[in-house]
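A short write-up of the structure that comes next.
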Amino acid sequence: MSVEHRNGGSSTVLMEEPMELQPARLKDDRPVSITRASSGSGGRTLNDDANSQDRNETLPSPSVASMDQVEKWNYPRINLYRFPAVNWAFAVAGMNDATYGAIIPYLEEYYQLSYTIISLVFLSPFVGYTLAALINNAVHMKFGQRGVAFMGPFCHLVAYVVIAVHPPYPVLVIAFMLAGLGNGLEDSGWNAWIGAMANANELLGILHGLYGAGAVVAPLIATSMIARAGLPWYSWYYVMIGAATLELATSLSAFWKADGAAFRASHPRTSEAAGSRLREAVARLPAARTTWLCSLFLLGYVGAEVALGGWIVVFMMDVRRGAAFASGMVATGFWLGITVGRVILGFVTPRIGERLAIMIYLPVSMGLQLLFWLVPQFYVSAVAVSVQGFFLGPLFPAAVVVMTRLLPKHLHVSSIGFAAAFGGSGGAIFPFAVGVLAQAKGVQVLQPIILALLAVIWLLWLGLPRYSKKKD
Numbered sequence: 001m002s003v004e005h006r007n008g009g010s011s012t013v014l015m016e017e018p019m020e021l022q023p024a025r026l027k028d029d030r031p032v033s034i035t036r037a038s039s040g041s042g043g044r045t046l047n048d049d050a051n052s053q054d055r056n057e058t059l060p061s062p063s064v065a066s067m068d069q070v071e072k073w074n075y076p077r078i079n080l081y082r083f084p085a086v087n088w089a090f091a092v093a094g095m096n097d098a099t100y101g102a103i104i105p106y107l108e109e110y111y112q113l114s115y116t117i118i119s120l121v122f123l124s125p126f127v128g129y130t131l132a133a134l135i136n137n138a139v140h141m142k143f144g145q146r147g148v149a150f151m152g153p154f155c156h157l158v159a160y161v162v163i164a165v166h167p168p169y170p171v172l173v174i175a176f177m178l179a180g181l182g183n184g185l186e187d188s189g190w191n192a193w194i195g196a197m198a199n200a201n202e203l204l205g206i207l208h209g210l211y212g213a214g215a216v217v218a219p220l221i222a223t224s225m226i227a228r229a230g231l232p233w234y235s236w237y238y239v240m241i242g243a244a245t246l247e248l249a250t251s252l253s254a255f256w257k258a259d260g261a262a263f264r265a266s267h268p269r270t271s272e273a274a275g276s277r278l279r280e281a282v283a284r285l286p287a288a289r290t291t292w293l294c295s296l297f298l299l300g301y302v303g304a305e306v307a308l309g310g311w312i313v314v315f316m317m318d319v320r321r322g323a324a325f326a327s328g329m330v331a332t333g334f335w336l337g338i339t340v341g342r343v344i345l346g347f348v349t350p351r352i353g354e355r356l357a358i359m360i361y362l363p364v365s366m367g368l369q370l371l372f373w374l375v376p377q378f379y380v381s382a383v384a385v386s387v388q389g390f391f392l393g394p395l396f397p398a399a400v401v402v403m404t405r406l407l408p409k410h411l412h413v414s415s416i417g418f419a420a421a422f423g424g425s426g427g428a429i430f431p432f433a434v435g436v437l438a439q440a441k442g443v444q445v446l447q448p449i450i451l452a453l454l455a456v457i458w459l460l461w462l463g464l465p466r467y468s469k470k471k472d
């Protein structure tokens with residue numbers, strides 16, 4: 001004898017006596033969870049007992065289904081607006097980072113400073129990135145994604161207004177710190193958000209491709225304005241003010257309803273012990289191993305990327321004896337390679353697996369770096385560094401996806417946010433180190449430093465735990 005209870009879209013059949021049963025199915029041919037009556041705290045499903053079917057085939061209750069629904073770029077519908085807004089924010093971040101390399105020669109001349117002092121332009125965002133790594137989780141808990149959508153673009157806007165009035169050099173350095181805070185907050189928040197979506201590799205490839213697109217446009221336009229049109233270096237920041245204003249308007253309107261209460265509701269386990277999530281991510285095994293290895297990996301990767309993109313113009317002018325405009329176009333080629341690589345290889349990487357893909361991309365990049373270093377021809381160097389950018393492009397998105405697979409969901413914001421912001425600080429530390437060494441030894445020290453960084457992050461990648469490949 002059986003009694004059938006229905007509750008919404010799910011059904012449960014209770015049996016008084018054990019007997020062999022076939023899984024019951026609804027009209028749409030989905031299996032129904034079947035349990036045995038028990039005097040204990042709860043029955044066990046036949047699927048559990050037989051261990052013969054995937055747990056994902058068991059029909060969840062409507063409330064659980066809605067809670068566990070994986071976000072997509074077009075689901076919920078508001079993401080149709082949010083995803084493009086986040087892409088524009090990353091384009092502005094790319095424009096911000098690539099501008100340093102384009103204006104370094106002109107800052108040196110304008111302020112009459114040495115390589116070492118000028119390199120503070122690279123080091124100053126480190127303060128902003130470090131602060132972003134520490135406050136990212138607290139911003140999410142108190143203000144939600146709305147807080148990131150306001151604070152990141154607002155920091156950009158204020159920094160660019162200050163830079164555009166070409167203040168004394170110490171004030172300029174402080175403004176770059178503020179821009180670094182904006183980049184760090186957006187790096188932390190938006191990587192964690194999209195990294196947990198369906199088809200994360202492809203979406204992160206597009207997101208970071210837009211970062212690369214901004215990095216392509218910035219040196220191209222800035223170099224044209226300064227070298228060809230004869231405008232002062234700070235005139236480029238009028239363009240950046242307009243870009244940051246649009247960024248603030250689109251980001252804030254897209255995430256206006258995503259306040260702290262909404263974030264805590266969607267991350268209940270995170271909100272239970274908000275203050276301990278970052279400590280768990282960075283100080284408690286096994287999560288700490290993944291967090292720190294990926295953080296150091298991103299530190300070295302972003303350091304190599306920004307150092308190469310930042311000093312390539314000076315290198316091509318001083319070492320390869322290129323003209324100012326042609327040397328600026330080499331930087332454009334490098335960032336264009338990164339952009340195309342992130343978009344195209346973003347679809348290739350998940351097919352062969354992130355772990356294996358990065359083990360292939362990095363040795364290829366090191367080979368191209370050797371070609372760039374050892375063949376003293378302007379055009380060979382220009383082509384080598386552009387192709388190198390193509391293979392370096394997918395490294396950051398792949399690392400974020402790996403973190404979402406190795407870490408529990410309640411640590412995604414804390415761990416990915418920390419790693420992204422910590423890694424972003426590499427874009428401050430290593431370009432500064434290149435500048436200090438260039439002052440003493442010449443800018444040709446750029447090549448061995450980049451090669452060493454690529455070798456180190458390849459070894460760090462080998463140390464990551466293995467994981468089973470998930471299906472979206």
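In UniProt numbering, the protein residues as written are 1 to 472.
Glycine included, every Cβ here is placed at the ideal spot set by N, Cα and C.
Fair warning: this is a prediction, and the values are worked out from it, not measured in the lab.
Check, Outcome
"In three-state DSSP terms, what is Lys257?", "coil"
"For Lys72, which of Ser415, Glu109, Leu157, Ala200 has the nearest alpha-carbon?", "Ala200"
"Pick out whichever of Ser119, Asp97, Phe90 has its Cα sitting closest to the Cα of Val434.", "Ser119"
"Have a look at Leu437 and Ser251 and give me their C-alpha separation to the nearest angstrom.", "39 Å"
"Counting C-beta neighbours from all protein chains within 10 Å, is the total for Ser253 16 or more, i.e. buried, or is it exposed?", "exposed"
"What does the Cβ neighbour count give for Asn74, buried or exposed, with the cut at 16 atoms within 10 Å?", "exposed"
"Taking a contact to mean a Cβ-Cβ separation below 7 Å, would you say Ala304 touches Leu454 in this structure?", "yes"
"Assuming the contact rule is C-beta atoms closer than 8 Å, Phe297 and Ala399 should be a hit. Round their C-beta distance to whole Å, please.", "6 Å"
"Please classify Tyr160 as buried or exposed, where buried requires at least 16 neighbouring CB atoms within 10 angstroms.", "buried"
"Distance, Cα to Cα, Val343 vs Leu220?", "20 Å"
"What residues match up with Tyr75 in a beta bridge as DSSP calls it?", "Lys72"
"Report the residue from Leu248, Ala421, Leu446 whose alpha carbon sits nearest the alpha carbon of Thr320.", "Reading the sequence as shown, one finds Arg at residue 320 and not Thr. Of Leu248, Ala421, Leu446, the residue nearest in Cα terms is Leu446."
"Looking at Phe347: is its Cβ nearer than 7 Å to the Cβ of Leu123?", "no"
"Taking three-plus beta-carbon pairs below 8 Å as touching, is the segment 174-188 in contact with the segment 415-430?", "yes"
"Nearest by alpha-carbon distance to Gly337: which of Leu368, Gly212, Asn79, Cys155 is it?", "Gly212"
"With the cut-off set at 7 Å, would you say Ser295 and Val313 are in Cβ contact?", "no"
"For the alpha helix (DSSP H) containing Gly230, name the first residue and the last one.", "Element bounds for Gly230: n/a, residue is neither H nor E."
"With a threshold of 6 Å on Cβ separation, who are the neighbours of Leu460 within its own chain once the five nearest residues in sequence on each side are excluded?", "Leu293, Leu296, Phe297"
"Beta-carbon of Ile450 versus every beta-carbon of chain B: anything under 7 Å?", "The displayed structure is made up of one protein chain only, and chain B is not part of it."
"Among Ala243, Pro465, Lys441, which residue has its Cα nearest to the Cα of Tyr115?", "Lys441"
"Thinking just about the alpha-carbon of each residue, which of Gly426, Ala93, Phe143 is nearest to the one in Ala261?", "Phe143"
"Out of Ala384, Gln388, Leu464, which has the shortest C-alpha to C-alpha gap to Tyr361?", "Gln388"
"Applying the criterion that 16 or more other CB atoms from any shown protein chain within 10 Å of the CB defines a buried residue, is Leu181 buried or exposed?", "buried"
"Measure the beta-carbon distance from Ala215 to Arg146 and round it to whole angstroms, keeping in mind my assumption that it falls under 8 Å.", "The pair is not a contact, with the Cβ atoms about 27 Å apart (cut-off 8 Å)."
"Do Gly309 and Phe325 have their C-beta atoms closer together than 7 Å?", "no"
"Rank Met151, Arg77, Val217, Thr339 by C-alpha distance to the C-alpha of Leu392 and give the top, closest one.", "Thr339"
"One question on the structure: do Thr290 and Leu462 come within less than 7 Å of each other, judged by their Cβ atoms?", "no"
"Take Ile450 as the anchor and find which of Leu345, Ser365, Leu210 has the nearest alpha-carbon.", "Ser365"
"Return the CA-CA distance between Ala357 and Pro168, expressed in angstroms with no decimal places.", "46 Å"
"Alpha carbon to alpha carbon, what distance is there between Val401 and Val70?", "14 Å"
"Using CA coordinates, which residue listed in Gly242, Ile206, Ala85, Ala179 is at the minimum distance from Ala421?", "Ala179"
"State the Cα-Cα distance for the pair Leu157 and Ala244, rounded to the nearest angstrom.", "5 Å"
"Using 7 Å as the threshold, is the C-beta distance between Ala218 and Met95 below it?", "yes"
"So is Glu354 buried or exposed if we call it buried at 16+ other beta carbons inside 10 Å?", "buried"
"Just verifying my parser: in three-state terms, what is the DSSP assignment at Val319?", "coil"
"How long is the line joining the alpha carbons of Asn79 and Glu108, rounded to whole angstroms?", "43 Å"
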